[in-house]
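Sequence lines, in order, name chains A and B.
Just so we're aligned, residue 497 is where the first sequence starts under the working numbering, counting upward by one.
Just so we're aligned, residue 497 is where the second sequence starts under the working numbering, counting upward by one.
One structure below.
2 protein chains.
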Amino acid sequence: MTRRRPPVMSDVARLAGVSHQTVSRVLNDHPNVREQTRARVLAAIDELGYRRNLVARALVTSRSRTLGVVSFDTTLYGPASTIYGIEQAARTAGYFVSIVSLKSLDASSVRDAIEYLTEQGVDGVVVVAPQRSAASALESLPTDMPAVAVEGTHRSHVSAVCIDQIEGARLATRHLLELGHETVWHVSGPSDWLEAEGRLEGWRSVLEEAGRPVPEPQPGDWSPRSGYAAGKRLAAIEGVTAVFAANDQMALGVLRAFTEAGVKVPEQISIVGFDDIPESEFFSPPLTTVRQDFDAVGRHCIEVLLRQIDASGPFDTERLVVPPGFVVRASTAPAV
Amino acid sequence: MTRRRPPVMSDVARLAGVSHQTVSRVLNDHPNVREQTRARVLAAIDELGYRRNLVARALVTSRSRTLGVVSFDTTLYGPASTIYGIEQAARTAGYFVSIVSLKSLDASSVRDAIEYLTEQGVDGVVVVAPQRSAASALESLPTDMPAVAVEGTHRSHVSAVCIDQIEGARLATRHLLELGHETVWHVSGPSDWLEAEGRLEGWRSVLEEAGRPVPEPQPGDWSPRSGYAAGKRLAAIEGVTAVFAANDQMALGVLRAFTEAGVKVPEQISIVGFDDIPESEFFSPPLTTVRQDFDAVGRHCIEVLLRQIDASGPFDTERLVVPPGFVVRASTAPAV
DNA sequence: CGCCATTATGTTAACGATAACAATCGGCGG
DNA sequence: CCGCCGATTGTTATCGTTAACATAATGGCG
Chain A
497 MTRRRPPVMS DVARLAGVSH QTVSRVLNDH PNVREQTRAR VLAAIDELGY
547 RRNLVARALV TSRSRTLGVV SFDTTLYGPA STIYGIEQAA RTAGYFVSIV
597 SLKSLDASSV RDAIEYLTEQ GVDGVVVVAP QRSAASALES LPTDMPAVAV
647 EGTHRSHVSA VCIDQIEGAR LATRHLLELG HETVWHVSGP SDWLEAEGRL
697 EGWRSVLEEA GRPVPEPQPG DWSPRSGYAA GKRLAAIEGV TAVFAANDQM
747 ALGVLRAFTE AGVKVPEQIS IVGFDDIPES EFFSPPLTTV RQDFDAVGRH
797 CIEVLLRQID ASGPFDTERL VVPPGFVVRA STAPAV
Chain B
497 MTRRRPPVMS DVARLAGVSH QTVSRVLNDH PNVREQTRAR VLAAIDELGY
547 RRNLVARALV TSRSRTLGVV SFDTTLYGPA STIYGIEQAA RTAGYFVSIV
597 SLKSLDASSV RDAIEYLTEQ GVDGVVVVAP QRSAASALES LPTDMPAVAV
647 EGTHRSHVSA VCIDQIEGAR LATRHLLELG HETVWHVSGP SDWLEAEGRL
697 EGWRSVLEEA GRPVPEPQPG DWSPRSGYAA GKRLAAIEGV TAVFAANDQM
747 ALGVLRAFTE AGVKVPEQIS IVGFDDIPES EFFSPPLTTV RQDFDAVGRH
797 CIEVLLRQID ASGPFDTERL VVPPGFVVRA STAPAV
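Set out below in structure tokens:
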């Protein structure tokens, strides 16, 4: 069977007895088309099953209606959720989303990815790359490419949407202090992540404001495994009664380490996470955690990006901050 | 600042003192270009920072070098991992990936999504949609659009890559029987999911072959919450000693339900999951589970798809089955 | 030494849409 | 009754590339 060529605009035009330009006008809702003509054209489109070729359209309009997304490890809950939000919002606005997931987030791979997308003709890019190195790669972006970063709290000339990491960490830490814990230990994320930095900073600031001792943060890498390792270290330390882990997965590891050590959660130790992944509610015990509204982040990204794309001239740098939520479950309890 | 037009092929040609066609030849590695000319052209490309316009290229070649991916809820670990694998493999092969995530997987939204991608000019589509309704939407695909489905074990004329769900479930069930359990209870996934069906079937077949009673499966919806509910029901039943949950999240819920009921895992009850999500290793206790190699699935999808795209005529229907793995951890133990 | 097969390059025409401009048709004011 | 205006439609150029064909330079060989 020969693959028959899909119909093009002039096929529709011929069938409807008009010029291809009139077909184009109908398709683009131009006002000056007689109602009767429009109907004939629409009938022809329907009959032929015509679909306009967006590639040709993109060439002449130099708008591909495609947005690029560059992200680090899209299997992580945070990035995956954010991208989901981005995709939904973009599609609603009539845009396609082209994704590049990177294994490593050094400046050059981010740059390459953006270049790759640029070549494809994306109208703008969202970079979900909350590492310092990635954020700095954005600095070298051509300024005429609409771009939005999803990140912690980095300052730059690139627009950004972020969840207030510092405030989230403050909520968590304050919650633990209010339960009567003398101080709060912290299992931190990798130091080159802006989110890890923000969470660390929020945690530290609350302790300092309250005049409490600031214990050495235990470094992790977001994985449950690293949380488990940190948890083992903490379990060996006398007097640890409250731990704030920089994400839920590490909190899970911490939980497991204490449980193994025979320390009861939350009776003997309180644990708070960050992210509110779907599993958290069903850990043993259910995890108290900071909730991030990734959907909102995705939506805002698209809003900002579309504003930039629609701006005729140079565009402003915008910075949107989404407030975090806090979910109290059963992994925290008053200090004894 | 005026956005200056990016250089095009003829700019390069002018600078290099050749025709634009020669530039095109250099870019496409045509053999008949003098070495010296090639060097001049490359230098000009470099000097101007020229990048070829893939949109124009796609128009004339009618190849966009973009693949479409239609998926259900990309925040789930399975789809997210599969898409990650797809994206990596596609990019390695020089293809872009355009993603559409659907909130619901009825046949018409799958069809719409594919049509949407077709309009954009994708060279092929991967449908990560292991629900019966989605699979049947594929039947109505135009046969000249290269397509691959990621799915359970549905028969169709569309090529498919799948993990052997039945075998995975058999591994899990057999493992529990070998530990001496009289029978195995099952917390199943939603009945319209092909994966849920395969896992149910594998579980049932092993029990029947062993001549064991086949208890009523407990329906779930993949969420930890539904697993928790099922777990509560199971905990109320006398003589339940082994549970095979159709995914890790539900296994987590089951775990929690039993723990709450004061039943010890694995001493009094053994639990097996499916997926091997990163968290599973750190549940309390660490979960014995069936591992799916999503990366391999993604890679195979792209291989099959590219074969179809490169085939000049009609292409064969292929069906690749990826074997599951099995990971024994601490949530299972010999029956008492 | 001249002819033909290569090799290297240039020229022109697609691809399928939109944009800019031109042309036709009524209606209406002068 | 003429000419101008706005509504409607058609014609032609254009986007930036590759494909097809045309042409010019080489080089081997009888």
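Beta carbons are placed, not taken as given, at the ideal position from N, Cα and C, and that holds for glycine.
- For residue 595 of chain B, the chain A residues whose Cβ falls inside 9 Å of its Cβ are 565, 579, 583, 592, 593, 594, 595, in order along the chain.
- Contact of residue 551 of chain B with chain A is assigned, a C-beta pair being separated by under 7 Å.
- The beta carbon of residue 748 of chain B sits closer than 7 Å to some beta carbon of chain A.
- Below the 8 Å Cβ cutoff, chain A contributes 547 as neighbours of residue 614 of chain B, in chain order.
- The Cβ atoms of residue 680 of chain A and residue 672 of chain A lie closer than 7 Å to each other.
- Legend: CB atoms of the segment 760-784 of chain A lying less than 7 Å from CB atoms of chain B belong to residues 774, 775, 777, 778, 780.
- For a cut-off of 8 Å, the C-beta gap from residue 605 of chain B to residue 613 of chain B is around 13 Å, too long to register as a contact.
- For residue 700 of chain A, the CB contacts under 7 Å within the same chain, skipping 5 residues up- and downstream, are 710 in chain order.
- Residue 682 of chain B is classed as buried because its beta carbon has at least 16 other beta carbons within 10 Å across all chains shown.
- If you ignore the 5 residues before and after residue 787 of chain A, its C-beta comes within less than 6 Å of the C-beta of 772, 821, 823, all in its own chain and listed in chain order.
- Only residues of its own chain outside the window of five on either side were considered, and among them 563, 593, 798 have a CB closer than 6 Å to the CB of residue 586 of chain B, listed in chain order.
- Residue 751 of chain A is a Cβ neighbour of residue 767 of chain A, given a cutoff of 7 Å.
- Judged by DSSP in its simplified three-state form, residue 744 of chain B adopts helix.
- Judged by DSSP secondary structure, residue 506 of chain A falls within the alpha helix (DSSP H) whose first and last residues are 505-512.
- For residue 779 of chain B, the secondary structure class from DSSP, reduced to helix, strand or coil, is coil.
- Against chain A, the CB of residue 554 of chain B has a partner CB under 7 Å away; the residue lies at that interface.
- Below the 9 Å Cβ cutoff, chain B contributes 774, 775, 778 as neighbours of residue 745 of chain A, in chain order.
- With a beta-carbon spacing of about 6 Å, residue 762 of chain B and residue 826 of chain B fall inside the 8 Å limit used to define contacts.
- In the three-state scheme derived from DSSP, where H, G and I count as helix and E and B as strand, residue 568 of chain B is classed as strand.
- In this model, residue 640 of chain A and residue 615 of chain A are separated by some 14 Å (Cα to Cα).
- A Cβ of chain A is located within less than 7 Å of the beta carbon of residue 720 of chain B.
- In the DSSP secondary-structure assignment, residue 715 of chain A is bridged to A:684.
- Scanning its chain for C-beta atoms nearer than 8 Å, with the 5 sequence neighbours on each side dropped, one finds around residue 829 of chain B the residues 675, 762, 763, 766, in chain order.
- In this structure, the beta-carbon distance from residue 555 of chain B to residue 507 of chain B does not fall below 7 Å.
- Between residue 677 of chain B and residue 589 of chain B, the CB-CB gap reaches or exceeds 7 Å.
- Residue 512 of chain A is a Cβ neighbour of residue 540 of chain A, given a cutoff of 7 Å.
- Between residue 688 of chain B and residue 628 of chain B, the C-beta spacing is below 7 Å.
- Using beta-carbon distances, residue 737 of chain B does not count as an interface residue toward chain A, since no partner is under 7 Å.
- Under the three-state reduction of DSSP, residue 816 of chain A is assigned to strand.
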